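Asks: Protein chains in written order, with the numbering used here: chain A, -15 to 276; chain B, 279 to 609; chain C, 77 to 342.
Where a beta carbon is used, it is the ideal one built from N, C-alpha and C, also for glycine.
Here the structure is a predicted model, which is why all the values come from computation and not from measurement.
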Amino acid sequence: MKIELFLQVIANGLLTGGFYMAIAVGITLIFGVLNVIYFAYGESIMLGSYLSYFLLTLWGVDPLISLPLAIVMTSLLGAVVQKAFIKPVMKAPHLNQILLTFGIAVILQNIVLIAVGGDYVSITTSYSGTSLKIGPLRIGLVRFLEFLLSIVLTGGITLWLKYTDWGRAVRAVTQNEESAKLMGINVDRVYLITFMVGSALGGAAGVMISLMMYTFPLIGFNFVVKAFAIVILGGIGSIPGAVTGAMILGITESLVSQYFRGGSGWAEGVSFMMIIAVLLIRPGGLFYAKEG
Amino acid sequence: MQRKVREKEREHAILNKAGKGVFVAVLVAILFTLLPLTVDRYTLHTLILCQIFVVISVCWNLLAMTRQVSLGHAAFFGLGAYTSALLSDRLSTPPWLDIASGGIVASFGAIILGLICLRMAPWALAIVTFSFAEALRVISSMIAFTDGAQGISLSPLFEGNPNNKLLSYYMILVIALITVVTVYFVIQSRLSYAFRAIHDDEQAASILGVNPVLFKLLAFTISAFFTGLAGGFYAHYTTHIEPATAFNVHISVEAQLMPLIGGLYTFVGPIIGAFVLTLMTEYLRVSFGQGYMIFYGIILVVTILFLPEGVVGIYKIVWSKVRRTGLAREV
Amino acid sequence: MVKGEKNGPCQGGLIRMLELENVTKYFGGLCAINDVSFSVKENESVGLIGPNGSGKTTLFNLITGVYKCSSGKIAFQGNRIDGTKPFRICHMGVGRTFQITRPFPHMTVRENVAIGAIYGKTVKGISPRLALQRADDVLEFVGLANRKHTLITNLTLADKKMVELAKAVSTQPKLLLLDEVMAGLNTTEVAELMKTVRKIHDSGTTVIIIEHVMKAIVGLASRTIVINFGNKIADGPTHEVMNEKGVIETYLGKEFKVVRSLRAAS
């Protein structure tokens, strides 16, 4: 009995981790390639989530179908943000980037707040409650689908980086911007595209969130902390690191949730503790820190 | 011989200058003590909020002087508020005791965070303090110890007394005065040399004998302590706190904006900024409604983008202003 | 105290001001300092020369506690200082300047120098009033009294370097480490700075000088140590060391070869 519970907890953790993967890969791309700390990343998630909600409640569009639309819209938003605000601060000190994108986050949050109000919203679909039974474990269908989706997205990004021209360009720019320029790569465009892809991942994650829990304008900050925690743990600019970090976070949260008294509350503090733990163990800097 | 006479004259000139400053300060203090007697309850409430934010603003500014930027000052505010509320609710301690305890708990939080982030770039502390505030907000809304999202209620200050609001105002005025005077003495003392040196170049400062750990932690502790006091007072004043208000990101944002608007790294700047922004917030809340923070986001974005070197640019402009107003002492 | 005892802190009655014993420093896989040992007597003036990147500044960083030795010992006046924090080493009496000046940009010259005066000897520090007086004295000593209220960023390079020197001096060091303090200065400015350094040395301070300007080494240092690729390759009276073949090749080898081949080509 106990071992089954444990396995269930681990399974839940893996599912959550799978979902966190999407978030982590998005911010890893932005932090790793552009070397920018993008505090407003959570707002891509928030917007994706609201998009899914509105498409469902207004026009009955199933979230899984609004997913591509969310991806497109958040990537467009990313493009605007990158061109207008990120480009000027790419070479600025990280602190400036944080303050600027923090301001952007506040602006985006309040646009939504003004537009639709601050109530918590959530959606349910016909299949929201179904769960699969795999052996002794019960896996929520929605969460399982999202797990698969995250893997597809992560895998897709990895393949894109490895085998396509654009992907190679991105890797070249990450390694050495000057050399990439000399090789004729349009570095500005690479940064733009990477930022768009990163934001798009956030949007996709947002759609997934809308199915799993409620949404509200300030939800972005919650997720951006988790994203930072994962990236700090797994290594800036490292996708395998992001995946690992996401899994560790998911499983740890699940374990804490189950085995600590008042668990689900304390589970939210796990990401913070992770940040602290990593910073303590490597006080001189973070894994593969890109700073000189 | 002549040089000595000239130097003595100079000293006298400075004493006169200092004398002027003290005179103005006392005048202002008297103003803030007597003014509330003449106003209505709503204005009094606004003044109380102003004083609360004077404390927070001055404290954030002090911390920033050592190049430690906190994006989560709400954490210390909330720690103070919750400590105060919990003590009051569970142990029925008198208000002054639980407010003081709030300050102490907040300082502990700061010492721990400060120690962890000591050797890191300023942006790491920004992320850590932000995450700390967020974590506290979410955790306190979910665990039983803090009564979850519904929060904790306290009995009102000076219950039964017809002048309760006025007395509450004097309570926070005392806290604000102690804070401001403490920070004033810090800025006028050798500590400000250490802070500024650490801010500009920590390594160069340590080669000259400045112990960076000591002074960074000292700044952090002072900053968090008084912010915690403000939080503790706030809990009693509003008689009910919950995670959403005690650890609200608004507090962190405004903690930053007030010194920025009023004058970063100066003495009076944060105080002015606190009044300006609190009044602005009250006005916007009434006239604009829920999304008023959007203006603060815009101010932040505009400040970073259009001051030539971003935050560093603000530092430079401000320091040159400081130079002209002679805040740096000339003995 | 046995006369001629080699390995104790006292040698022939004079306490060793600074002693490096088998000091090694690795940065990852790169060996920056390889088994360097030497000692400096009180009130000596030692030059430290070597090509760029040979590890001279690294040695200074190791002595002042900015870096930790990978192995080996460093002792100041008989007390071990490797592993000690920089500010404590300063309190013990070691001062230094940086190769690229590091002024505190938002303060005046006087305030810059005052910091060392306030905190140079104790953690608690002395009162600003006293410190500013001391700063004035130091600025008088180095000849910058007339610029003391100028914002430090408005100074010429030569003056900035002098302030850097003044800052180190304000901590009242027994041992002063000067890192390329002449770099970027013209002949007049170099002569001026040399005068000041000589004054400091004459007042009893032990000095170690890193320089590429050979005139300064010859003029100021009675003894010279040569470092190349992190190894000590020479250590002795300056004029002897300067003429040693290995040293010349270390420094001028490439140039020699270039000149030779140019001559051959013409």
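By a C-beta neighbour count over all protein chains shown, 10 Å radius and 16 as the cutoff for buried, is B:Q428 buried or exposed?
Replies: Residue mapping note: residue 428 of chain B aligns to position 150 of the second sequence, counting from 1. With fewer than 16 Cβ atoms within 10 Å of its Cβ, B:Q428 is classed as exposed.
Asks: Give the DSSP bridge partners of B:Y515, in chain order.
Replies: Start at 1 with the first residue of the second sequence, and residue 515 of chain B comes out as number 237. Paired residue(s): none; B:Y515 is not in a bridge.
Asks: For C:I139 and B:L486, I'd like the C-alpha separation in whole angstroms.
Replies: By one-based count along the third sequence, residue 139 of chain C stands at place 63. By one-based count along the second sequence, residue 486 of chain B stands at place 208. Going by the C-alpha atoms only, they are around 14 Å apart.
Asks: Residues of chain C with CB under 7 Å from B:L341, in chain order?
Replies: Taking the second sequence and counting its residues from 1, the one referred to as residue 341 of chain B is at position 63. Going along chain C, no residue has its Cβ under 7 Å from B:L341, so there is no contact; the nearest lies around 17 Å.
Asks: Since B:I500 contacts B:T344 with CB under 8 Å, what's their CB separation in whole angstroms?
Replies: Here residue 500 of chain B refers to the residue found at position 222 of the second sequence. Here residue 344 of chain B refers to the residue found at position 66 of the second sequence. No, B:I500 and B:T344 are not in contact; Cβ-Cβ is about 11 Å, not under 8 Å.
Asks: Considering only the alpha carbon of each residue, which of A:S110, A:I260 and A:L(-2) lies closest to A:F131?
Replies: As a working mapping, residue 131 of chain A is identified with position 147 in the first sequence. Considering only alpha carbons, the answer is A:L(-2).
Asks: What is the rounded straight-line gap between the Cα of B:K494 and the Cα of A:I232?
Replies: The residue given as residue 494 of chain B occupies position 216 in the second sequence. The residue given as residue 232 of chain A occupies position 248 in the first sequence. Computed Cα separation, rounded: 33 Å.
Asks: Does the pairing of the region 163 to 171 of chain A with the region -3 to 12 of chain A give three or more beta-carbon distances under 8 Å?
Replies: Too few Cβ pairs lie closer than 8 Å, so no.
Asks: Looking only at DSSP bridge pairs, what is C:E97 linked to?
Replies: Looking up residue 97 of chain C in the third sequence gives position 21. Per DSSP, C:K149.
Asks: Tell me, which residues are paired with C:P313 by DSSP?
Replies: As a first step, residue 313 of chain C must be located in the third sequence, where it is residue number 237. C:P313 pairs with C:R299.
Asks: What's the gap between the Cα of C:A242 and the Cα of B:M536?
Replies: If you number the third sequence from 1, residue 242 of chain C lands on position 166. If you number the second sequence from 1, residue 536 of chain B lands on position 258. If you take the alpha carbons of C:A242 and B:M536, they lie about 38 Å apart.
Asks: Between C:F174 and chain B, is there a C-beta pair that is closer than 9 Å?
Replies: As a position in the third sequence, residue 174 of chain C is number 98, starting the count at 1. Yes, its Cβ sits closer than 9 Å to a Cβ of chain B.
Asks: Shortest alpha-carbon distance to A:A184 belongs to which of A:N19, A:V(-7), A:E(-12) and A:S33?
Replies: Position 200 of the first sequence, counted from the start, is the residue given in the question as residue 184 of chain A. Measuring from the Cα of A:A184, the nearest candidate turns out to be A:S33.
Asks: For B:W374, count neighbouring C-beta atoms within 10 Å of its own C-beta (all shown protein chains included) and say buried if the count is 16 or more, exposed if not.
Replies: Position 96 of the second sequence, counting from 1, holds the residue named residue 374 of chain B. With fewer than 16 other Cβ atoms within 10 Å, it is exposed.
Asks: Please list, in chain order, all residues of the same chain as B:F573 whose beta carbon is under 7 Å from its beta carbon, the five residues on each side excluded.
Replies: In the second sequence, residue 573 of chain B corresponds to position 295, counting from 1. Hits under 7 Å: L562.
Asks: Note down, in chain order, every chain A residue with its Cβ under 8 Å from the Cβ of B:L583.
Replies: Taking the second sequence and counting its residues from 1, the one referred to as residue 583 of chain B is at position 305. By Cβ distance, chain A contributes F69, P72, V73 and L84.
Asks: Starting from the C-beta of C:K291, find all residues in its chain whose C-beta is less than 6 Å away, skip the five residues before and the five after it, and write them out in chain order.
Replies: As a position in the third sequence, residue 291 of chain C is number 215, starting the count at 1. Contacts found: none.
Asks: Could you have a look at A:D46 and say whether DSSP puts it in helix, strand or coil?
Replies: One-based indexing of the first sequence puts residue 46 of chain A at position 62. Of the three classes helix, strand and coil, the one that applies to A:D46 here is coil, per DSSP.
Asks: Less than 9 Å between CB atoms is the rule here; does A:Q81 satisfy it with respect to chain B?
Replies: Position 97 of the first sequence, counting from 1, holds the residue named residue 81 of chain A. Taking Cβ atoms only, chain B reaches closer than 9 Å to A:Q81, which makes this a yes.
Asks: According to DSSP, is A:I169 part of a helix, a strand, or is it coil?
Replies: Here residue 169 of chain A refers to the residue found at position 185 when the first sequence is read from its first residue. Residue state, collapsed to three classes: coil.
Asks: By alpha-carbon positions, which one of B:Y543, B:L557, B:F553 and B:V531 ends up nearest to A:L83?
Replies: For the purposes of this step, residue 83 of chain A is taken as the residue at position 99 of the first sequence. Among B:Y543, B:L557, B:F553 and B:V531, the Cα nearest to that of A:L83 is on B:V531.
Asks: For A:S115, collect the residues of the same chain with a Cβ closer than 7 Å to its Cβ; drop the 5 residues on either side in sequence, then sort them by chain order.
Replies: For the purposes of this step, residue 115 of chain A is taken as residue 131 along the first sequence, with counting starting at 1. Cβ neighbours of A:S115 beyond the five flanking positions: R122, I123, G124 and L125.
Asks: 9 Å is my cut-off, CB to CB: does C:T314 come that close to chain B?
Replies: Within the third sequence, numbered from 1, the residue matching residue 314 of chain C stands at position 238. Not an interface residue.
Asks: Counting Cβ pairs, one atom from each stretch, are 3 or more of them under 8 Å apart for the region 202 to 215 of chain A and the region 410 to 428 of chain B?
Replies: With a cut-off of 8 Å, the region 410 to 428 of chain B and the region 202 to 215 of chain A count as touching, because enough Cβ pairs lie within range.
Asks: Pop quiz: C:V43 and C:V317 are said to be a contact at Cβ under 8 Å. What is the actual Cβ separation, rounded to whole angstroms?
Replies: The requested residue 43 of chain C does not occur in the structure, where chain C is confined to residues 77 to 342.
Asks: Specify the secondary structure class of B:L542 as computed by DSSP and reduced to three states.
Replies: On the second sequence, position 264 is the one that residue 542 of chain B refers to. Coil.
Asks: Need the endpoints of the beta strand (DSSP E) that B:S379 sits in, please.
Replies: Translated into positions along the second sequence, residue 379 of chain B becomes position 101. B:S379 -> not in any beta strand (DSSP E); alpha helix (DSSP H) instead, spanning P373 to C395.
Asks: Taking all protein chains shown into account, do 16 or more other C-beta atoms lie within 10 angstroms of the C-beta of B:T258, making it buried, or fewer, making it exposed?
Replies: Examination of residue 258 of chain B is not possible in this model, given that chain B is present from 279 through 609 alone.
Asks: DSSP three-state label for C:G306, please.
Replies: Against the third sequence, residue 306 of chain C aligns to sequence position 230. Of the three classes helix, strand and coil, the one that applies to C:G306 here is coil, per DSSP.
Asks: Which same chain residues, not among the five before or five after B:V347, have their C-beta less than 6 Å away from its C-beta?
Replies: Sequence index remark: in the second sequence, residue 347 of chain B carries index 69 (1-based). Excluding residues within five positions, the ones whose Cβ falls inside 6 Å are P400 and A404.
Asks: Between which residues of its own chain and C:T314 is the CB-CB distance below 8 Å, once the five residues before and five after are set aside?
Replies: Locating residue 314 of chain C in the third sequence gives position 238, where the first residue counts as 1. These residues qualify, in order along the chain: G123, I293, V294, A297, S298, R299 and T300.
Asks: Buried or exposed: which applies to B:N489, given that a residue is buried once 16 or more other Cβ atoms fall within 10 Å of its Cβ?
Replies: Start at 1 with the first residue of the second sequence, and residue 489 of chain B comes out as number 211. Its Cβ being crowded by 16 or more others within 10 Å, B:N489 is buried.
Asks: On a Cα-Cα basis, can you pick out the residue from C:T229, C:R178, C:T247 and C:K236 that is closest to C:A207?
Replies: Against the third sequence, residue 207 of chain C aligns to sequence position 131. Closest option to C:A207, Cα to Cα, is C:T247.
Asks: State the Cα-Cα distance for the pair C:K161 and C:K197, rounded to the nearest angstrom.
Replies: Numbered from its first residue, the third sequence carries residue 161 of chain C at position 85. Numbered from its first residue, the third sequence carries residue 197 of chain C at position 121. Their Cα atoms are separated by approximately 14 Å.
Asks: If A:A24 sits next to A:S36, beta carbons under 8 Å apart, how far is it from one beta carbon to the other, in whole angstroms?
Replies: Stepping through the first sequence from its first residue, residue 24 of chain A is reached at position 40. Stepping through the first sequence from its first residue, residue 36 of chain A is reached at position 52. Contact doesn't hold; Cβ gap of about 19 Å is too wide.
Asks: What do you reckon, are the CB atoms on B:L578 and A:G62 nearer than 9 Å?
Replies: Working through the second sequence from its first residue, we reach residue 578 of chain B at position 300. Working through the first sequence from its first residue, we reach residue 62 of chain A at position 78. Taking 9 Å as the Cβ cut-off, B:L578 and A:G62 do not qualify as a contacting pair.
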